[in-house]
Amino acid sequence: MPLSQLSSTTAYSLATLDRDHEGNTPLIVAAQMGNAAAVLQHLQEAGCVNRHGMAAIHYAAERGYSAIVEMLVPAEARKVVPAYRFSTATWRNVSALMIAASRGHISVIKLLAPKEGGIQTLSLQTALMRAAIDGQAAAVRELRDLEGTIFDVKGETALMQAARYGRAECVRLLLSKERTLKDLNGWSALVHASYGGHAGSAAILAPYEMEKYGRMALAQTARGTGQLTEEMRQALRA
């Protein structure tokens, strides 16, 4: 049977394979180690996951092993991890593309985007949002046309999240796609930047959003205290 046609039933029938204490199959271990030859030898195991719900493709994406990701795409693309811990939070139903985006592995992103672009977590987050949160500007540039203007369960966009975390370069990259949008609380990216005290991001957004959202941005500075540092005052031209 071609690997691309390997069904989930066939994959899980391999559960009797030798596994380590974490439930890793030889294929998963090979992917973790970046051993392409061993991956090729164990491709028939594709589709199996370990005790953490991670498949071989997730580890290869995490570690930037693009050659291995390419081998695994036919059988394991679009598989999601039930729970994956990123730098800021645990996301649920996470794709390999999201993992690669968080690490800035551009060669892996290029391989996965055609297959996994647009996948959202249980909270409707995307790979672009993950790249924006983690300040992976090159990944944002790669994904913005594919996933720009998607909203999560809070009505937030990647631009809003980049602004909240003070990722100024990502804010600049996402302006053309997502400026002036607002979340379910009525906050724009400028308000998120102001709330987080990120004057650099606020200064980028102010020319586009200050007229409409300036009063709210001023009220939410310094995590809602309304206190203005001189740097933020200059950014908001207050």
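Using full-length UniProt numbering, the first residue of the sequence shown is number 1, and each one after it goes up by one.
Beta carbons are placed, not taken as given, at the ideal position from N, Cα and C, and that holds for glycine.
Please read all numbers here as calculations on a predicted model, not as lab measurements.
| said: Determine whether the beta carbon atoms of Leu184 and Lys154 lie at a separation below 9 Å. | reply: Residue mapping note: residue 184 aligns to position 184 of the sequence shown, counting from 1. Residue mapping note: residue 154 aligns to position 154 of the sequence shown, counting from 1. Taking C-beta atoms as the reference points, Leu184 and Lys154 count as a pair closer than 9 Å.
| message | In whole angstroms, give me the CA-to-CA distance for Met210 and Ala202. | response | In the sequence shown, the residue the question calls residue 210 occupies position 210. In the sequence shown, the residue the question calls residue 202 occupies position 202. Their Cα atoms are separated by approximately 9 Å.
| In whole angstroms, what is the alpha-carbon distance linking Leu27 and Ala38? | As a position in the sequence shown, residue 27 is number 27, starting the count at 1. As a position in the sequence shown, residue 38 is number 38, starting the count at 1. Taking the straight line joining both Cα atoms gives about 7 Å.
| said: Is the separation between the beta-carbon of Glu22 and that of His52 shorter than 9 Å? | reply: For this step, residue 22 is matched to residue 22 along the sequence shown. For this step, residue 52 is matched to residue 52 along the sequence shown. Yes, Cβ-Cβ distance for Glu22 and His52 is below 9 Å.
| said: Rounded to the nearest angstrom, what separates Glu70 and Ala60 at their Cα positions? | reply: Taking the sequence shown and counting its residues from 1, the one referred to as residue 70 is at position 70. Taking the sequence shown and counting its residues from 1, the one referred to as residue 60 is at position 60. Glu70 and Ala60: Cα-Cα distance of roughly 10 Å.
| field | Residue of Arg103, Arg19 and Gly64 minimising C-alpha distance to Met33 | value | Here residue 33 refers to the residue found at position 33 when the sequence shown is read from its first residue. With distances taken between Cα atoms, Met33 lies closest to Gly64.
| Backbone CA spacing between Ile109 and Thr180 [nearest angstrom] | Here the question's residue 109 lines up with position 109 in the sequence shown. Here the question's residue 180 lines up with position 180 in the sequence shown. Whole-angstrom Cα-Cα distance: 28 Å.
| field | Beta-ladder partner(s) of Tyr84, from DSSP | value | Here residue 84 refers to the residue found at position 84 of the sequence shown. Assignment of beta-bridge partners to Tyr84 by DSSP yields Trp91.
| task | Tell me whether Thr126 sits in a helix, a strand or coil according to DSSP, three-state version. | result | Sequence index remark: in the sequence shown, residue 126 carries index 126 (1-based). If DSSP states are grouped into helix, strand and coil, Thr126 belongs with coil.
| message | Measuring only the C-alpha atoms, how far is Ala30 from Glu116? | response | Position 30 of the sequence shown, counting from 1, holds the residue named residue 30. Position 116 of the sequence shown, counting from 1, holds the residue named residue 116. Each residue's Cα considered, the two are about 23 Å apart.
| message | Please tell me whether Ala131 and Leu112 are closer than 9 Å, where the distance is taken between their beta carbons. | response | Position 131 of the sequence shown, counted from the start, is the residue given in the question as residue 131. Position 112 of the sequence shown, counted from the start, is the residue given in the question as residue 112. Between Ala131 and Leu112, the C-beta gap is not smaller than 9 Å, which leaves the two residues out of contact.
| request: Hey, could you find the ends of the alpha helix (DSSP H) Ala55 is sitting in? | output: What you label residue 55 is simply residue 55 of the sequence shown in a count that begins at 1. Premise fails: Ala55 is in no alpha helix (DSSP H) and is neither H nor E.
| What is the rounded straight-line gap between the Cα of Ser13 and the Cα of Asn50? | Position 13 of the sequence shown, counted from the first residue, corresponds to residue 13. Position 50 of the sequence shown, counted from the first residue, corresponds to residue 50. Below a pLDDT of 50, predicted positions are generally treated as unreliable, and Ser13, at 44, falls in that range; the measurement from the model is reported next regardless. Whole-angstrom Cα-Cα distance: 14 Å.
| field | Spatially closest choice to Glu178 from Gly186, Glu231, Leu159 and Asp145, by CA coordinates | value | Position 178 of the sequence shown, counted from the start, is the residue given in the question as residue 178. When only C-alpha atoms are compared, the closest one is Leu159.
| message | Using the three-state DSSP reduction, which class does Ala60 fall into: helix, strand or coil? | response | For the purposes of this step, residue 60 is taken as residue 60 along the sequence shown, with counting starting at 1. It is helical.
| Beta-carbon proximity list for Leu205, same chain, < 8 Å, skipping 5 on both sides | The count along the sequence shown starts at 1 and reaches residue 205 at position 205. Once the five neighbours on either side are set aside, the close Cβ partners of Leu205 are Ala163, Val171, Leu175, Arg179, Ser188, Ala189, Leu190 and Ala193.
| query | In whole angstroms, what separates the C-alpha of Pro82 from that of Ala75? | reply | One-based indexing of the sequence shown puts residue 82 at position 82. One-based indexing of the sequence shown puts residue 75 at position 75. Taking the straight line joining both Cα atoms gives about 18 Å.
| Other residues of its chain near Ser102: CB distance less than 6 Å, five sequence neighbours each side excluded | As a working note, residue 102 is residue 102 in the sequence shown. Excluding sequence neighbours, Ser102 sits near Phe86, Arg130 and Asp134.
| request: State the start and end residues of the unbroken alpha helix (DSSP H) segment that holds Leu40. | output: What you label residue 40 is simply residue 40 of the sequence shown in a count that begins at 1. Annotation for Leu40: the continuous alpha helix (DSSP H) segment containing it runs Ala36 to Gln41.
| message | If I measure Cβ to Cβ from Leu97 and keep anything under 6 Å in the same chain, skipping five residues before and after, which residues do I get? | response | To locate residue 97, count along the sequence shown from 1; it is residue 97. Taking C-beta separations shorter than 6 Å and ignoring five residues to either side along the sequence, the partners of Leu97 in its chain run Leu112, Glu116 and Ala127, following chain order.
| Who are the Cβ neighbours of Val94 in its own chain at under 7 Å, not counting the five residues just before and after it? | Here residue 94 is taken as the residue at index 94 of the sequence shown, counted from 1. Only Val80, Val81, Tyr84 and Thr121 meet the Cβ criterion.
| task | Using 10 angstroms around the beta-carbon of Gly47, count the other beta-carbons present and answer buried if the total reaches 16, otherwise exposed. | result | Here residue 47 refers to the residue found at position 47 when the sequence shown is read from its first residue. Buried is the call here.
| task | State the DSSP-derived secondary structure class of Lys110, mapped to helix, strand or coil. | result | For the purposes of this step, residue 110 is taken as the residue at position 110 of the sequence shown. Looking at Lys110 - three-state DSSP - the assignment turns out to be helix.
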